[in-house]
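Asker:
Residue numbers (this note's numbering): -4 to 456.
1. Straight-line CA distance for residue 169 to residue 1?
2. Below 8 Å CB to CB, which residues in the same chain sit around residue 489 once its five sequence neighbours on both sides are set aside?
3. Here's the rule I'm using: 16 or more other beta-carbon atoms within 10 Å means buried, otherwise exposed. How should residue 59 be labelled?
4. Have a look at residue 138 and residue 369 and give me their C-alpha separation to the nearest angstrom.
5. Pull up the DSSP beta-bridge partners for residue 114, would you.
6. Given residue 68, which residues of its chain have a CB within under 7 Å of its CB, disregarding the five upstream and five downstream residues?
7. Are residue 50 and residue 77 closer than 8 Å when you measure CB to CB?
8. Scan the stretch 242 to 314 and note each continuous beta strand (DSSP E) run of 3 residues or more that stays entirely inside, going in chain order.
9. With a threshold of 16 other CB atoms inside 10 Å of the CB of residue 246, please say whether the residue is buried or exposed.
10. What's the gap between the Cα of residue 317 and the Cα of residue 8?
11. Count the other C-beta atoms from every protein chain shown that fall within 10 angstroms of the C-beta of residue 115, then say buried if there are 16 or more, exposed otherwise.
12. On the CB-based measure, 16 or more other CB atoms within 10 Å of its CB, does residue 20 come out buried or exposed?
13. Tell whether a beta-carbon distance below 8 Å holds between residue 22 and residue 146.
14. Determine the closest residue to residue 144 out of 85, 122, 25, 70, with distance taken between C-alpha atoms.
15. Rounded to whole angstroms, what's the CA-CA distance from residue 439 to residue 407? Just pull it up for me.
16. Should residue 132 be labelled buried (16 or more other beta-carbon atoms within 10 Å of its own) or exposed?
17. Within 10 angstroms of its Cβ, does residue 441 collect 16 or more other Cβ (buried), or is it exposed?
18. Give me the Cα-Cα distance between residue 70 and residue 111, rounded to the nearest whole angstrom.
19. Nearest-angstrom Cα distance between residue 235 and residue 394?
20. With the cut-off set at 8 Å, would you say residue 38 and residue 79 are in Cβ contact?
21. When DSSP labels each residue in this structure, what does residue 63 get in the three-state scheme?
22. Would you report the Cα separation of residue 373 and residue 384, rounded to the nearest angstrom?
23. Let me know the secondary structure DSSP gives residue 237 once reduced to three states.
24. Cα separation between residue 202 and residue 62?
25. Using only alpha-carbon positions, find the residue among 254, 422, 425, 419 that is nearest to residue 446.
26. For residue 14, I'd like the list of residues in its chain whose CB is within less than 7 Å of its CB, leaving aside the five on either flank, ordered along the chain.
27. For residue 93, report the span of its alpha helix (DSSP H) as first-last.
28. Taking only heavy atoms of the ligand MG into account, decide whether any of them is closer than 7 Å to the Cβ of residue 300.
29. Can residue 84 and residue 119 be called in contact, C-beta distance under 8 Å?
30. According to DSSP, simplified to helix, strand and coil, what is residue 22?
31. So, with DSSP's three-state summary, where would you put residue 45?
32. Output the boundary residues of the alpha helix (DSSP H) element that contains residue 147.
33. List the endpoints of the continuous beta strand (DSSP E) containing residue 414.
34. Does the beta-carbon of residue 416 have 16 or more other beta-carbons within 10 angstroms, so that it is buried, or is it exposed?
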């Protein structure tokens, strides 16, 4: 039985259609230690593990005039060799050489006529290493699910069917991504939006009021955005990308968290905030209180906090990030308009609205930051140790940079994707995030040292 996309997932397709330079593929990059397996053995292993999730052999079929949502159908031309590619990095095999290959792969769109995923097996890395890059479309899986896909490809207890069911169940569409329902349960009928309207007039009235508030709020913010000075972080993107990454130890981050009573996500966002602040200053732009409104997807909502790039003090900046994220999570209004429209409107009208919204220029949102919980235990693929897992976010819709933060084993990784022409200093964002964490760690140690010294004085008295 075919399954249809949600209105929100369909919006990703419309966003790509409105700009030929936008591709919204997201990725996960696993770097492995040891010799690469021979190609035949690797393909056999991947075939066995990919077969556990039927969605990976299905493609999308869009409806004429978008009269209904696109649906997943079996791809009668499915060929694993089309989706699994093998390449070698040029040059010395350094991380920079690897990141250039990753940037090239993330520069082109996935083929809409085939299942929306690819795996790139990358050889030629220095120090006896190789890599696997998993690239998927966001209407197939979100950033969290992409990491679960990598986990499902690994050896051990999470491999096979259970891991792939876990990877797709984390997608916003939930278990609807699993193509085959249990044999003993009949498939649930797809409710009509008009029938839902008749059954729940109070719900629809509430949605209409929420939509009206959202339209008013969005129009006011759009007008205010046009009055703001333009930022180099916003604007058209080209078809080429840059990718870079950073890493810090979770032990250091946890020490910062304990000292200042914040979360790992707070520390990561504060580090990115400092790095963006320095980037704006290098470019001769004065960071203001509303210079870095950031899209922060979460499982509950699409949050839009203003990150405090105007604050120079790293500890105050961290506390501001913590307070603003708490406020954004408490209100959670950013996706209210989309959710209300999706429930209230028939699909053709909602699709048209999504298409219109994706074509409008915007200055309100400057970047995106995605926080992804990764595997806590080290992974292996065919007996090779996975020594790093790096996230890869998408960019587009006037956003020239995006960052993703992923925890794996005992490290925290930052992955940054940027437009090739507009952000030649992308690597400085990564290095700036590392330096910001080091600065917070130094402040943490000083604070803990003062606290211990103060307690010692009290005891001596």
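C-beta: ideal position from N, C-alpha, C; glycine also.
Answerer: With the given structure in hand:
1. Any answer about residue 169 is weak, because its pLDDT of 33 lies below 50 and its placement is not dependable; what the coordinates show is given next. The alpha-carbon atoms of residue 169 and residue 1 are separated by roughly 11 Å.
2. No answer is possible for residue 489: the residues shown for the chain start at -4 and end at 456.
3. exposed
4. 10 Å
5. 79, 129
6. -3, 53, 54, 56
7. no
8. 289 to 292
9. exposed
10. 33 Å
11. buried
12. buried
13. no
14. 25
15. 18 Å
16. buried
17. exposed
18. 11 Å
19. 14 Å
20. yes
21. coil
22. 10 Å
23. strand
24. Legend: pLDDT at residue 202 = 44, less than 50; position of this residue unreliable, value from coordinates given subsequently. Looking at the two C-alpha atoms, the distance is approximately 22 Å.
25. 254
26. 391
27. 90 to 100
28. Ligands are entirely absent from the displayed structure, and the ligand MG is therefore not among its contents.
29. yes
30. strand
31. helix
32. 138 to 148
33. 406 to 414
34. exposed
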